[in-house]
Amino acid sequence: SGPIAIGAHIKPLGRPHSGPDVKENLLCLCPNHHDQFDALAFSIEPST
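All letters in the sequence shown, in the order written, are residues 14 to 61 by our numbering.
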């Protein structure tokens, strides 16, 4: 059994995205939703 929640970077780290590794750039997701988020199966629309 693995983790039930993991951090997903909203703006990916590294090139070409250069997202910061800070808590404001993280979502807490289950492993299944993290994989879907990374595969662009859904997105988050920021309010600001």
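A virtual CB, placed ideally from N, CA and C, is assigned to each residue, including glycine.
Next on the checklist: Rounded to whole angstroms, what is the Cα-Cα separation between lysine 24 and leucine 42?
Outcome noted: Indexing the sequence shown from 1 puts residue 24 at position 11. Indexing the sequence shown from 1 puts residue 42 at position 29. Roughly 15 Å separates the two Cα atoms.
Checklist entry - Which same chain residues, not among the five before or five after glycine 20, have their C-beta less than 6 Å away from its C-beta? => result Start at 1 with the first residue of the sequence shown, and residue 20 comes out as number 7. Correct list, in chain order: Leu39.
Checklist entry - How many angstroms separate the CA atom of alanine 54 from the CA atom of histidine 46? => result By one-based count along the sequence shown, residue 54 stands at place 41. By one-based count along the sequence shown, residue 46 stands at place 33. Each residue's alpha carbon lies about 9 Å from the other.
Next on the checklist: Which residue marks the beginning of the alpha helix (DSSP H) containing histidine 47, and which one marks its end?
Outcome noted: The residue labelled residue 47 in the question sits at position 34 within the sequence shown. It spans 44 to 51 - the alpha helix (DSSP H) in which histidine 47 sits, taken as one unbroken run.
Item to check | Which listed residue (Ala52, Pro16 and Glu37) has its alpha carbon closest to that of proline 59 | outcome: In the sequence shown, the residue the question calls residue 59 occupies position 46. Checked all of Ala52, Pro16 and Glu37; the closest Cα to proline 59 is Glu37.
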